[in-house]
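Colleague: Residue numbers (my numbering), protein chains in the order written: chain A, 1228 to 1444; chain B, 1228 to 1444.
Each residue gets a CB set at the ideal place from its N, CA and C atoms; glycine is no exception.
Keep in mind the model is a prediction, meaning the values are calculated, not measured.
Number of protein chains: 2
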Amino acid sequence: MQVNFNKMKNFDISLYLVTDLELSKDRSLEYIVEEAAKGGVTLVQLREKNISTREFYELAKSLMAILKPLNIPLIINDRIDIALAVDADGLHIGQSDLPYAVARRLMGYEKIIGLSVENIQQARDANNLDVDYIGLSPVFSTNTKLDINTPLELAGIKEIASFTKHKTVAIGGINSSNAESIIASGADGIAVVSAIVSHENPKQAALHLKSLVTNAK
Amino acid sequence: MQVNFNKMKNFDISLYLVTDLELSKDRSLEYIVEEAAKGGVTLVQLREKNISTREFYELAKSLMAILKPLNIPLIINDRIDIALAVDADGLHIGQSDLPYAVARRLMGYEKIIGLSVENIQQARDANNLDVDYIGLSPVFSTNTKLDINTPLELAGIKEIASFTKHKTVAIGGINSSNAESIIASGADGIAVVSAIVSHENPKQAALHLKSLVTNAK
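1. Would you tell me roughly how many angstroms separate the C-alpha atoms of V1396/A and I1240/A, rounded to the nearest one?
2. Mind pulling the chain A residues with CB within less than 8 Å of S1279/B?
3. Is the Cβ-Cβ distance between Q1349/A and Q1322/A less than 8 Å?
4. Could you tell me which residues DSSP puts in a beta bridge with G1317/A?
5. Which parts of the segment 1357-1387 of chain A are runs of the alpha helix (DSSP H), unbroken and 4 residues or longer, counting only runs that do not cross its ends?
6. Assuming Q1431/A is part of the alpha helix (DSSP H), what are its boundary residues?
7. Are any of the Cβ atoms in chain A nearer than 8 Å to that of D1305/B?
8. Output needed for I1259/B: all residues of its chain with C-beta closer than 6 Å, excluding positions within five of it in sequence on either side, in chain order.
9. Can you find a CB in chain B that lies within less than 8 Å of the CB of D1308/A?
10. Taking only beta carbons into account, state which residues of the segment 1331-1356 of chain A come closer than 9 Å to chain B, listed in chain order.
11. So that I know if they touch, is there some Cβ in chain B lying closer than 8 Å to that of Y1284/A?
12. Can you list the alpha helix (DSSP H) stretches of 4 or more residues lying completely in the segment 1230-1300 of chain B, in chain order?
13. Taking Cβ-Cβ distances below 7 Å as the criterion, which residues of the segment 1284-1299 of chain A are in contact with chain B?
14. In this structure, how does DSSP classify I1398/A when only helix, strand and coil are distinguished?
15. Tell me the residue span of the beta strand (DSSP E) that contains V1419/B.
16. Taking Cβ positions, are V1419/A and N1402/A nearer each other than 8 Å?
17. Is it the case that the Cβ atoms of S1412/B and K1392/B are separated by a distance below 8 Å?
18. Can you tell me whether K1338/A is buried or exposed? The criterion is at least 16 other CB atoms within 10 Å of its CB, across all chains shown.
19. Any idea if K1444/B is buried or exposed, counting beta-carbon neighbours within 10 angstroms, 16 or more meaning buried?
20. Tell me, which residues are paired with V1344/A by DSSP?
21. Distance cutoff 8 Å, beta carbons only. Does V1245/B sit that close to anything in chain A?
22. So what does DSSP say about D1324/B, is it helix, strand or coil?
23. State yes or no: is the beta carbon of V1329/B nearer than 8 Å to at least one beta carbon in chain A?
24. In chain A, which residues lie less than 8 Å from L1248/B when you measure between Cβ atoms?
25. Do we get a CB-CB distance below 8 Å when we pair A1315/B with the residues of chain A?
26. To the nearest angstrom, report how far apart N1354/B and P1326/B are at their CA atoms.
27. Starting from the beta carbon of L1311/A, find every residue of chain B whose beta carbon is closer than 7 Å, and list them in chain order.
28. Which residue marks the beginning of the alpha helix (DSSP H) containing S1408/B, and which one marks its end?
29. On a CA-only basis, which of G1362/B, I1302/B and K1265/B is nearest A1433/B? Give me that one, please.
30. Does the distance from the C-beta atom of I1303/B to that of A1292/B stay below 8 Å?
31. What residue from I1398/A, S1389/A, L1381/A and S1421/A has the CA that sits closest to S1408/A's CA?
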């Protein structure tokens, strides 16, 4: 007998912030995240590649302290060790991270696990997994990630939205000029990096994106 | 009431191999480790910094399959997620990895945890921790690690050996020309990277180092 824990996870994926210290213009992640939370982000993913494990852990602890009282889930990119160490709300894995089954075994069924899919076939395959959401990546081309695949474009979002059983969040090159079109194409949410972390006013940026997403729904 | 699990961990730290794919001269880690095991290495640490989590996981699985039947413990560097995913025998952490207390909580008391100490003070501090061994790093200068501190030299090994309550393994610039002097200075074992992984005959290299360590004890 298996309990469907997914039903217990009632998280809002509509405005999903992904961190990047290198794009934060010398402002602390704590500042960016706190401001973005005031502006209405509904989920935060800590994704950092060029810092030590200790620094990653310290950042994750700080962000948990900020987000927990606000009931905004913190998702850790790739590193289950960090997610377990700070008891984060979830984990995000890509196709070159640990296999989903291993991630689920270590994280447990009560945690959110999201998986990046980079093409239609991976999105189809994800229908066989009890992930909590899929990240559609990249929608548009972007300079944030180095190893990106062919952009899915709005047509890819529409196609995936037509068959996936999962919540979807689109990522890659999303900003206030195209946010509405992403939601109109069927994604449940937008994930942004530079549109918030590089913005001179992260709170204002989040507020604006949030209103665009809400209007488009 | 606390059980002293350390007493149950009867591992031999005398010849400790640390991997480095980039120094392996296009030979697979599986080949290097299998040959080194035939030559008598007593412990293997998987330490790789420039590969994806998935590749790290696959390597860890392969090495477990080779080492488990030989009763040679596999220790994972830094990444508790990988250690947990493959049920490795232990974890090695440095001063910029997760704090020891967090690592122990996640790994459990039955696993081996080793900690690198880079100076006398850190070795003294480690006497307050129930780590299973300490790595003395670096003994000599080396090109294997980029961010090395001042070498401890043989005098540092002698001093630490005089007060530490832990098993010790020295690392950094160790090869057949200085292995005996390390043991003679009081270390319980030597850890090597290039002296085995870059050697044209890893089995022969391990056999020779093993005989030097055995003779020096």
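Modeller: Quick answer:
1. 7 Å
2. S1323 and D1324
3. yes
4. I1302/A and I1339/A
5. none
6. P1429 to A1443
7. yes
8. S1251, V1424 and P1429
9. yes
10. R1332 and L1333
11. yes
12. 1256-1265 and 1280-1294
13. Y1284
14. strand
15. G1416 to V1419
16. yes
17. no
18. buried
19. exposed
20. L1363/A
21. no
22. coil
23. yes
24. Ordered by position in chain A, no residue passes the 8 Å Cβ test against L1248/B, which lies about 16 Å from the chain.
25. no
26. 15 Å
27. L1333
28. A1406 to A1411
29. K1265/B
30. no
31. L1381/A
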